[in-house]
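> Please find one structure pasted underneath; my questions will follow.
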Amino acid sequence: MLEVSTVYLLMAMFGFVLVGIIVIHHHNCSDLIRRKRNEVRRLTVHLEAKNTVLEEQIEDLKAKVDDLDEQIAILEQRKHAR
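The sequence shown begins at 64 in our numbering and counts up one residue at a time.
Quick look at the structure:
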């Protein structure tokens, strides 16, 4: 049978090992969260840049559509004038 002091020593060692495992797990999780946060920031910047480009293209296309509508209206007026 183990003496009481040996049992306490084993329990203390187990506690230290458990605390070590928890600390390592916490650091791993923190690193993963930091990497994911950085990935989200990078993707956000990338998508904002894409969004800006697409909004500019939409404005250009709207202007072209307006020009085409005006040209169609002019052609229809000419057609009805004849």
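Ideal placement from N, C-alpha and C gives every residue a C-beta, glycine not left out. Values in this document were obtained by computation on a predicted structure and should not be read as measured data.
Specify the secondary structure class of L95 as computed by DSSP and reduced to three states.
Correct three-state label for L95: helix.
> Determine, using beta carbons only, whether L73 and L81 come nearer to each other than 9 angstroms.
no
> DSSP on E139, reduced to helix/strand/coil?
helix
> Would DSSP call R100 helix, strand or coil?
helix
> What would DSSP say about E119, mapped onto helix, strand or coil?
Correct three-state label for E119: helix.
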